[in-house]
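Protein chains in written order, with the numbering used here: chain A, 1 to 76; chain L, 1 to 160.
C-beta atoms are modelled at their ideal positions from N, C-alpha and C, and glycine is treated no differently.
Heads up, the thing below is written out as structure tokens.
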């Protein structure tokens, strides 16, 4: 069995910049997907479990932003 | 830290917050301060210097987008693979200063001192941003074929 390792760039500057860009991309995706799930009727608990974090963590990170954007708030 | 900042330098910081917000960033990064400086109404002589290098707001946005694209590509990710939703605007939450912008401001203060200037102006903010030799801004400038060190030297020589 051959093991494949993700090929990261040889230069650490490129590798570290890739980490930063991926983190920012992941944050943007998370914002959109959390919003979509809640709009689809998911509970905060379900969203948190799907993301592998606590309900408190996901709520703290997103509740205020989504309230500001006018998304109807369901039960936590 | 802001007590020595002129009105113009404070305007750069305020505008950077708007730039961060407009891009949906929860944090104010050094690149948002550079975008603020690139606006002629905010950056003045610093904006003119950036414009000479093709770094008007539009050119700078393009350079930053290109940097993101290249950095993601290095990890085998194409940004076109994702249908990115428009982020819900963080209406009441103010973006906070990230490490990159804090470092740039600290370097601006040091640059003003080193140049013997009592007041910290927009050009010092530009010098402070350009002093970073790693990170998003230097990478975006390199990608746009801009000589960062030469630009920094010219920014130090600006008057006002």
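Contact between the region 27-44 of chain L and the region 110-129 of chain L is present, with at least three C-beta pairs closer than 8 Å. When Cβ pairs closer than 8 Å are counted between the two stretches, the region 69-76 of chain L is seen to touch the region 10-29 of chain A, the count reaching three or more.
Excluding sequence positions up to five before and after residue 45(A), its CB lies within less than 7 Å of the CB of 55, all in the same chain and listed in chain order. DSSP places residue 27(L) in the strand class (E or B) of the three-state scheme.
Between residue 4(L) and residue 135(L), the alpha-carbon positions lie close to 27 Å from each other. Contiguous beta strand (DSSP E) elements confined to the region 35-75 of chain A do not occur, taking only those with 3 or more residues. With fewer than 16 other Cβ atoms inside 10 Å of its own Cβ, residue 7(A) counts as exposed. Residue 149(L) and residue 118(L) have their alpha carbons spaced roughly 24 Å apart. Residue 9(A) has its alpha-carbon roughly 6 Å from the corresponding atom of residue 15(A). Ranking 29(L), 7(L), 9(L) and 8(L) by CA distance to the CA of residue 17(L) puts 29(L) first. Taking C-alpha positions only, residue 62(L) is separated from residue 9(L) by approximately 24 Å.
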